[in-house]
Every structure is written in C-alpha cells, then in structure tokens.
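See structure below.
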Amino acid sequence: MSLFHRAAACLLAIVCAAQSPLADRAAAHHTYVSKYDPDRIVSLKGTIASVDYRNPHIFFDITVINRDGSTTTWHVETEAIAKAQAKGLSESKLQVGTAVVATGWMSRTGEAEIGLKSISIGAKTYTIRNTAR
Amino acid sequence: MIEFEPLLRAIYDLPLSQVVRGAVWVYPVLETLHLIGLGLLFGPIIIFDLRVLGVISSPAPSPLAGLLLPWVWIGFAINATSGVLLFGSDALEFGANPAFQAKIALILMAGLNAAVFQLRAAGGYAGNAPAGDAPSPDAPLTGGLRFQAALSILLWLGVILAGRMIAYVA
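Protein chains in written order, with the numbering used here: chain H, 113 to 245; chain L, 7 to 176.
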C-alpha cells in the first residue's frame, strides 16, 4: 500500500527532524550522560550570580575569576527540588553572592556549563550525585 | 512567522506557572497524572485500532468503540490539563523545543485522523443498513479504515516518542 508507506515515511521524517539537533544547546533536562561528559570533571571556585531554584531541575550561575583576571559565568544544573533538599541543598543555601566551590561534569557542547556533582559552601560539602551516568 | 516569545513569556510569568515550577511536589504529581492519562488514552486507542486491523477478532468494532471511547476522552482531558500546566512552567523552552513542536503536530494529526475515521465509519454503518433502520454495528472494515487504524497507531507512538524526546533535544 503505497499511500501507507508514504504516510509512514512522512511520520518518520517528522520524528527524525525532532531528534536531529541532539543535545546541542543548554535547554534539555534529564539524564546527565546525554548532556554532560562523565570523563571531564571540573571544580569551579566562584560566587553565586543567580539562582533558578525550580523543577524539574535546579539551575544556578557562578561567576568565576580566571587566572588572567577575566571572568566567566558558568551555568550549573542540578537535580529536582525534592532531591536537592534531601541532599541538604535547600534554597536558602544558594544565596546570590555566596562563595562556593562547585564540582561537576563538563557540558558536551563545550559551553561553560556543568552538571553538578558536589558543592562546597563554607565548611559544608553537599554531594548531589556520585556519577554522571 | 508570528513572534510567539511575548506570549510564551507571559505564560511563563503566570502565578500558576510559578507554582508548578517552584513547589516541591506539584511538578512530579503533574508528571504522574500525565502518565496515568497516557495509559487511559493510548491503551483503548491501540486496542480499538488492533480490532479494526483484525489482529483482535471480537467484539464488533462499533460496541467496542462505545465501550472504549469515554476512557480515551478521560485520558485526553487529564493529559491536556496536566500538559498545559507543565508547558506553562517552562513555556519559552517548550515552545522552542523541536520535539515539543513535533509532539503537538502529531497530536493534531492523530486527532484529525480520528475525526475522519469516525465520519467514515458512521457513513459506513448508515450505508450498510437498510433505509430507515438503525446503523448496523458491523460496518465492513474497508481498506481505508484499516489504513487509518494503522496510521492512528503510528501517530500515537510518534506522540509518545516526541514527548519523551523533549527532555533530550534542544
């Protein structure tokens, strides 16, 4: 049935078109491994610039002063509100201006973005995830 | 091309959208409802389509449709409601997401396919019955209707796939 085949091909084209720009911007949530590289881990020392404490994932920015004196704003993604709270990372811990050391896996896109592994605020370290997979 | 961004931003800024993304448990509850609705929507649809295709041989399509269709509407209502609320919580991202756009297009195509199927099936039942009689519950399942049943399965599988891909593409 050629009409059937044509319709099936059309549907397949739509679905494939939806998948083509796979993981190339910092928009999708879910699964660290599709977005962050488990083999490239970094620690960033900086201050919190902004916080979007929300579901399904929390995002915040850290301002980092580089060795040459320039600054880079790093985007940090972490878990859902309930999970972050269960690990001790309540909203009140993430105040703008607070000095932190954030450790996480680098974005596969090469942008200044990490998927959070752990974060140190003052003397406390909150481990949010152990693996990027 | 219409500029959607101001509208999407207004939806994002609604107090209700702020509650959906900001409250601890609202988002996961809506996600759960979206899965329950999916079950009620997709389950009956695929059973009916398999009946039309002949994979399942009884009961007759018409009473089966009468039994299943209310559950499809309940599932659709649950998913339209939970889906609109989840969409609002991150309207700018969802609006720009190609998988989300594909999902909406596929839902519209699946809905159109179902509407055309119903019109054709109703015509078939009426045409099958002697003049003045009630439509026969055993309308002949023509190749056209079978094609539409197969298309229905493909479109709804496409909706599920596109929906799942929203979290993985940008």
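Beta carbons: idealized from backbone N, C-alpha and C, even for Gly.
query                                                                                                                                                                           : result
If you reduce the DSSP assignment to three classes, tell me which class L:I17 lands in.                                                                                         : helix
Shorter than 9 Å from the beta carbon of L:V78 to some beta carbon of chain C?                                                                                                  : In the displayed structure, chain C is absent; the protein chains listed are H and L.
With a threshold of 9 Å between beta carbons, is L:A155 in contact with chain H?                                                                                                : no
So, for L:L112: in the same chain, excluding its five sequence neighbours on each side, which residues have a beta-carbon less than 7 Å away from its beta-carbon?              : L161, G164, V165 and A168
Enumerated in chain order, which unbroken segments of the alpha helix (DSSP H) with a length of 4 residues or greater are wholly contained in the stretch 44 to 128 of chain L? : 67 to 95 and 97 to 102
Tell me whether L:L92 is buried or exposed, calling it buried when 16 or more other Cβ atoms sit within 10 Å of its Cβ.                                                         : buried
If you compare alpha carbons, which of L:A128, L:Q154 and L:G101 is closest to L:N119?                                                                                          : L:Q154
Which residues in chain L have a C-beta closer than 7 Å to the C-beta of H:R166? List them in chain order.                                                                      : R27 and G28
Given that L:Y33 touches chain H, what residues does it touch there, using C-beta distances under 7 Å?                                                                          : N167 and P168
Helix, strand or coil for L:F153? Go by DSSP, reduced to three states.                                                                                                          : helix
Is there contact between the stretch 34 to 51 of chain L and the stretch 71 to 89 of chain L, where contact requires at least three CB pairs shorter than 8 Å?                  : yes
Is the CB of L:Y18 under 9 Å away from at least one CB in chain H?                                                                                                              : no
Rounding to the nearest angstrom, what Cα-Cα distance links H:G234 and H:A211 in this structure?                                                                                : 8 Å
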